[in-house]
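Working notes, beginning with the structure itself.
Number of protein chains: 4
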Amino acid sequence: MKMFKSDNASGIHPKILQAIIDANQGHEHPYGNDRLTKRAKEEMSKLFGKDVDTYFVTTGTAANVIGLASLLRPYEAIVCTDTAHINTDEGGAFELFSGSKILYTANKNGKIDINDIKKHFVSIGDEHRSQPRIISISQTTETGSLYTVEEIKRLADLAHQNNMLLHVDGARIANACVALNVSIKEMITDTGVDLLSFGGTKNGMMVGEAIVSFNKDLSKNLKFYRKQGMQLLSKMRFISAQFLAYLEDGLWLENAENANKMGQYLKNELSKLPGIKVKDDMKTNIIFAHVGKYIIDELQDKFGFYLFDQETNLIRLVTSFDTKKEDVDSLLEAIKKLEER
Amino acid sequence: MKMFKSDNASGIHPKILQAIIDANQGHEHPYGNDRLTKRAKEEMSKLFGKDVDTYFVTTGTAANVIGLASLLRPYEAIVCTDTAHINTDEGGAFELFSGSKILYTANKNGKIDINDIKKHFVSIGDEHRSQPRIISISQTTETGSLYTVEEIKRLADLAHQNNMLLHVDGARIANACVALNVSIKEMITDTGVDLLSFGGTKNGMMVGEAIVSFNKDLSKNLKFYRKQGMQLLSKMRFISAQFLAYLEDGLWLENAENANKMGQYLKNELSKLPGIKVKDDMKTNIIFAHVGKYIIDELQDKFGFYLFDQETNLIRLVTSFDTKKEDVDSLLEAIKKLEER
Amino acid sequence: MKMFKSDNASGIHPKILQAIIDANQGHEHPYGNDRLTKRAKEEMSKLFGKDVDTYFVTTGTAANVIGLASLLRPYEAIVCTDTAHINTDEGGAFELFSGSKILYTANKNGKIDINDIKKHFVSIGDEHRSQPRIISISQTTETGSLYTVEEIKRLADLAHQNNMLLHVDGARIANACVALNVSIKEMITDTGVDLLSFGGTKNGMMVGEAIVSFNKDLSKNLKFYRKQGMQLLSKMRFISAQFLAYLEDGLWLENAENANKMGQYLKNELSKLPGIKVKDDMKTNIIFAHVGKYIIDELQDKFGFYLFDQETNLIRLVTSFDTKKEDVDSLLEAIKKLEER
Amino acid sequence: MKMFKSDNASGIHPKILQAIIDANQGHEHPYGNDRLTKRAKEEMSKLFGKDVDTYFVTTGTAANVIGLASLLRPYEAIVCTDTAHINTDEGGAFELFSGSKILYTANKNGKIDINDIKKHFVSIGDEHRSQPRIISISQTTETGSLYTVEEIKRLADLAHQNNMLLHVDGARIANACVALNVSIKEMITDTGVDLLSFGGTKNGMMVGEAIVSFNKDLSKNLKFYRKQGMQLLSKMRFISAQFLAYLEDGLWLENAENANKMGQYLKNELSKLPGIKVKDDMKTNIIFAHVGKYIIDELQDKFGFYLFDQETNLIRLVTSFDTKKEDVDSLLEAIKKLEER
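Protein chains in written order, with my numbering: chain A, 1323 to 1663; chain B, 1323 to 1663; chain C, 1323 to 1663; chain D, 1323 to 1663.
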């Protein structure tokens, strides 16, 4: 059974699993001092077209929190939307680990409004206020919307003009690259992003996320934060091996392409159904829809989608690298069957 | 090539790797709400002969820090030895995550002295002092020594008589059980240990450690600390699958048995060599020896042992679940060859 | 010259200064173990009509942060308005000291909306989310509005029905008591408030705030948090002496009465002036008004009011225990003179 | 009655109290933006013969913790003795506020051993270890001993040669200056100390300590740490006024001179008594002595000295700025009377 709860309900892509198997040869220096980790870091630099600093970790929360904290003093803050994963879904890890504050703003279709960021500039230099230091956005956003390349560049420029930095939570960056049909270099490196959480787990890996720094000066002490963040794996080679397979021959984009294609197929078919109101403007693998309550009652357990808002019966359906047309069809048919009753 | 740097230079035991492969079937509820995690937790309770609370994480640092922090208010402290891993090798993760203090004492052959613990009791109730709340010991200790079952019981009793708790860092608990020839139930459950970091990675797993709580009342909120500790894996089933294989048919003890056997073989053979002084009282897979400086110069790179003390040329050699007699022999021969020069 | 910047631009009330002078006799046990501190705590219990737990500190930030943190685990959150002092004006002290999160909601005339609090109840038990544990309100609010006694009771009931607590930031609680003409016992004790930051500095003391706990069980370890919060004064008697004078013969209410009276006089006179729009619903010593930009340009330096919003020329004027009618008149005349030009 | 418990059992020096009274004139800009604070900072620069950065706070714990934390990333550590106040008597405030680790070493007569510091240099660059960043010493030490000017210079040099900084906890720096008969400029500025906690409260002030930074580059963000440390007083002028009086005409040295003189008189007279063993090498106002248990039983309550070690009946007696010869005599007579029984 394929679920629509989240893309992390899926398993491991066969090529990535094979990479773990292949990496299981003899002994290697622990804690990332192995040959595969060295190679995986080099591949990251190739991918981004820049000599980036890469640190592998095991959760998206760790990628976000450790990366951000390494750039902050405790009296500095990040600015993000109210719906940002770092704000709502990390159990307060950011505040505890960094000691810093989150200045969250009302999202506009899941995205941040530049004017809301600017409001915080009045407090610069005033010790009564946490000092805004990083703008953090998610691409793909938590509501399934996307920033254009131009919008990202504008945010990076705004940040840099105000002694701030730009962070991108890229738990689903692959889906964004595919949906916008731009390379990750164009979307991230060329726009001036300073720090990226580059997701792997949701898109076919067993476990693996990468903190990617585009400014080696700023990240020169990041390794200490990763260790202190309890994320320095001893058998790191098995994370690195996954990343090597993930990047090889564009597997990461291939995976996202399938997820997006299935997401869009689901979206289009759902919108044809009576009584279902699909939210606009979703081009990836995250689909939001207002549905009849009976659909939630009858099908949530079986298909595992997420009830987002109880009052408006808004559900979230997520497709993944291994979702097949028949998986979507089976959901659609179940809905149709309910409606025929 | 097999290294002697640490048992985590090794790879994955074939049965554990197979368990990962087998677990890669379809979708599962993420974040530990899957069937394998449920089963793995049940197996832990069977192992300990008690209905324990188990939380899987990815590093030993996380097991120690998250488990301990969940039992502490920031004005409370742990008491451990100066050589404790939590004190020396976790990059300050404990202090940052818990906000608490480590009261470390001079170790006696790697072990804690009960009188040193008692010295801290004078400060109880005095707000100028961090309040001692947990005694934390390592079994096997970082210097390769072992606490007897009776010693552990005495520490647990001391703790409980003084409103304190006993934690065991069991990164190498398997090697201790084998060396002392006692079951983990006798060593941990029956002695009254409150919290155990149960190691997996060093003993044949790819990645996996468990926080085991013997007091469900105290650990009822531990899940929040794990999430805030950035250790709630989405595809948890692949950690749980490893633990299932690890525990099945006593594989974890079998692995430790080999590591210990090879460690003892290495110890015995080393002590026959001229100019090498092997430290006494090591019954597991960790061997310390004072060697000639030329051995370090010539062989450290190839055999990857760890230089512990530069002044006295003290090296640490660790064998692992996959160390073979010929691996040890190859090291011994290399040493002999050097000595013939 | 009297300023209108904040009530803490004022000095020390003569009776309170005299109490400091009188307390300067010989030696006393340090760290709050002196006789004056004992007496001051007893007076607090009398004031609130309940055997409360009182801890003196030196800043409002300390009163809020230490009090709140003592009731929280790091995965728990407080819910307050976006304009709450704890959210905007404490430099991120709360997040750093407690490790906890602030869930801030859009204020309604400076006050919290019960429905906004309820929205956070959906996340209870979900480890991905910081768990709402305390509702924190300010009385008087930062925008000069007031909660009625009934509203406070409703918030306390909501909190208690949902395993939460109610905290009141009472930096200007005296002004609220006077404006609503209710005793602090009725407003705080009888409504079920769990924790109060009882302000002194803004209302005539040299330095002194009190953390007042209405639940001794919950505050039994608060002394450790105060010490860890760096607020255990050695010569505590001089803070306690101030509080004794502050409470004696209702001086604290007398001071607030003057501040409020002057605030209301200022409000009424300002509203008669052309081109000035005074905000409604302000019954204490905090007055907000939209004024002509020339007033800000010409008079801000001299009269020291605070520019709240540059776009709408919104200024805040605060009167204090020692503001005299002629001080207000002198400001009013300066404005009139400008308008005659 | 004068106590011998601690110098902070004393009250306020009359000249300092007068300064508070004199400062109580009209309104001033709050939060340290007043004229007295400006002047007090200038006086500090004159005192140290250097353009220093000064921040006033209310407790010695705050001076130490805020100053140190402002210079540290959480993966960095301080090195100090086991008896250092920052290690034993601040309730764990340092760990909570900074997230950093304390590497404490066995003291030698209350002082740090340079070789113990050097042992931590092996871990530099290794992310498994907290990185030593600051050497922190106390002058006068907690055991009443003193560093010579040359020793301080040697520690500063060692620090700077190893990319570290030197901090001095100067809660009793005045007594050290008097005892060694050197100016504070020679002792602190000229030796290369980077950060000083300059005590006031123990030596005649009501409440007031200063964080003094000798490197304005390093302290440029210290104001944010002070605010986040909950120590930005609104009516700061009353702290600054005390410091102005404290420094004027060398009152701070005069006060220490009396305390030291009384301490030395007490030491000399005590050592003449039978059955009392006074510890050597104490030149300030802190006196340690092994006494008969009956002295503790009979006189501790009345004279308020501190029992340091129950096993050896070691007591600590501290004289202060207002201790008179008759106070000491009254203690000596009480002891003699007991002995005559």
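Backbone N, C-alpha and C define an ideal beta-carbon position, used for all residues, glycine too. Quick caveat, the model's predicted, so the values are computed rather than measured.
{"query": "Chain B contacts made by the stretch 1403-1436 of chain C, where a contact means CB separation under 8 Å", "result": "Gly1421"}
{"query": "Aspartate 1512 (chain A) beta carbon less than 8 Å from that of leucine 1488 (chain A)", "result": "no"}
{"query": "Methionine 1604 (chain C) versus isoleucine 1459 (chain C) - alpha carbon distance", "result": "17 Å"}
{"query": "Among C:Phe1536, C:Tyr1397, C:Lys1624, the one whose alpha carbon lies nearest that of alanine 1478 (chain C)", "result": "C:Phe1536"}
{"query": "Pick from B:Thr1470, B:Thr1463, B:Arg1455, B:Leu1660 that is closest to histidine 1482 (chain B), judged by C-alpha positions", "result": "B:Arg1455"}
{"query": "Within 8 Å, strictly: CB atoms of asparagine 1437 (chain D) and threonine 1403 (chain D)", "result": "no"}
{"query": "Span of the alpha helix (DSSP H), counted from its first residue to its last, around isoleucine 1434 (chain D)", "result": "From DSSP, isoleucine 1434 (chain D) is part of no alpha helix (DSSP H); its letter is neither H nor E."}
{"query": "Contacts that isoleucine 1343 (chain C) makes with chain D (C-beta to C-beta distance below 7 Å)", "result": "Leu1339"}
{"query": "Residues in the stretch 1436-1463 of chain D having any Cβ partner in chain A nearer than 8 Å", "result": "Glu1449, His1450, Gln1453"}
{"query": "Closest by C-alpha distance to asparagine 1409 (chain D), when choosing among B:Ile1424, B:Ala1406, B:Ala1493", "result": "B:Ile1424"}
{"query": "Members of the stretch 1589-1603 of chain A that neighbour chain F once the beta carbon cut-off is set at 7 Å", "result": "The chain inventory of the structure shown lacks chain F, comprising the protein chains A, B, C and D."}
{"query": "Buried versus exposed, by CB contacts within 10 Å (16 or more), glutamate 1264 (chain D)", "result": "A question about residue 1264 (chain D) goes unanswered here, because the residues of chain D that appear run from 1323 up to 1663."}
{"query": "Any chain B beta carbon closer than 8 Å to tyrosine 1668 (chain D)", "result": "Beyond the ends of chain D as shown, which are 1323 and 1663, falls residue 1668 (chain D); an answer cannot be given."}
{"query": "Option nearest isoleucine 1434 (chain D) by Cα separation, candidates D:Ala1415, D:Gly1421, D:Arg1476, D:Leu1418", "result": "D:Arg1476"}
{"query": "Span separating the alpha-carbon of serine 1367 (chain D) from that of lysine 1360 (chain D)", "result": "11 Å"}
{"query": "CA-to-CA distance, serine 1642 (chain D) to histidine 1442 (chain C), given in whole angstroms", "result": "55 Å"}
{"query": "Segment limits, beta strand (DSSP E) that includes histidine 1442 (chain B)", "result": "Run containing histidine 1442 (chain B): none; DSSP gives neither H nor E here."}
{"query": "Straight-line Cα distance separating arginine 1451 (chain B) from histidine 1407 (chain C)", "result": "31 Å"}
{"query": "Sufficient close CB pairs (3 or more, under 8 Å) joining the stretch 1552-1566 of chain B to the stretch 1607-1625 of chain B", "result": "no"}
{"query": "Chain-ordered neighbours of asparagine 1346 (chain C) on chain D, where CB pairs are closer than 7 Å", "result": "Gly1333, Ile1334, Leu1339"}
{"query": "Option nearest isoleucine 1609 (chain B) by Cα separation, candidates B:Ser1593, B:Lys1615, B:Ile1617", "result": "B:Ser1593"}
{"query": "Residue interval of the beta strand (DSSP E) (run including glutamate 1531 (chain A))", "result": "1531-1535"}
{"query": "Same chain, Cβ closer than 7 Å to valine 1673 (chain C), five either side skipped, listed in chain order", "result": "As displayed, chain C neither begins before 1323 nor continues past 1663, which places residue 1673 (chain C) out of reach and without an answer."}
{"query": "Contact the stretch 1520-1534 of chain A vs the stretch 1374-1382 of chain A: 3+ CB pairs below 8 Å", "result": "yes"}
{"query": "Alpha carbon of threonine 1427 (chain B) to alpha carbon of phenylalanine 1630 (chain D), nearest angstrom", "result": "19 Å"}
{"query": "Beta carbon of alanine 1415 (chain C) nearer than 8 Å to that of lysine 1549 (chain D)", "result": "yes"}
{"query": "Cα-Cα separation between glycine 1413 (chain C) and isoleucine 1388 (chain C), rounded to whole angstroms", "result": "14 Å"}
{"query": "Beta carbon proximity, tyrosine 1568 (chain B) to chain D, threshold 8 Å", "result": "no"}
{"query": "Members of the stretch 1545-1568 of chain A near chain D, C-beta cut-off 9 Å", "result": "Lys1545, Phe1546, Tyr1547, Arg1548, Lys1549, Gln1550, Leu1554"}
{"query": "Inter-residue CB distance, leucine 1573 (chain A) and threonine 1380 (chain A) (contact presumed, cutoff 8 Å)", "result": "Not confirmed; about 20 Å, so no contact."}
{"query": "Members of the stretch 1518-1529 of chain B that neighbour chain A once the beta carbon cut-off is set at 9 Å", "result": "Thr1523, Lys1524, Met1527, Met1528, Val1529"}
{"query": "As assigned by DSSP and simplified to three states, the class of histidine 1482 (chain A)", "result": "helix"}
{"query": "Valine 1600 (chain B), buried or exposed, once every other Cβ within 10 Å from all chains shown has been counted against 16", "result": "buried"}
{"query": "8 Å contact criterion, which threonine 1405 (chain B) and threonine 1462 (chain B) should meet: CB distance rounded", "result": "At roughly 12 Å, the Cβ-Cβ gap does not stay under 8 Å, so threonine 1405 (chain B) and threonine 1462 (chain B) are not in contact."}
{"query": "Contacts that alanine 1385 (chain B) makes with chain D (C-beta to C-beta distance below 8 Å)", "result": "Ordered by position in chain D, no residue passes the 8 Å Cβ test against alanine 1385 (chain B), which lies about 16 Å from the chain."}
{"query": "Three-state class that DSSP yields for histidine 1407 (chain B) in the structure shown", "result": "helix"}
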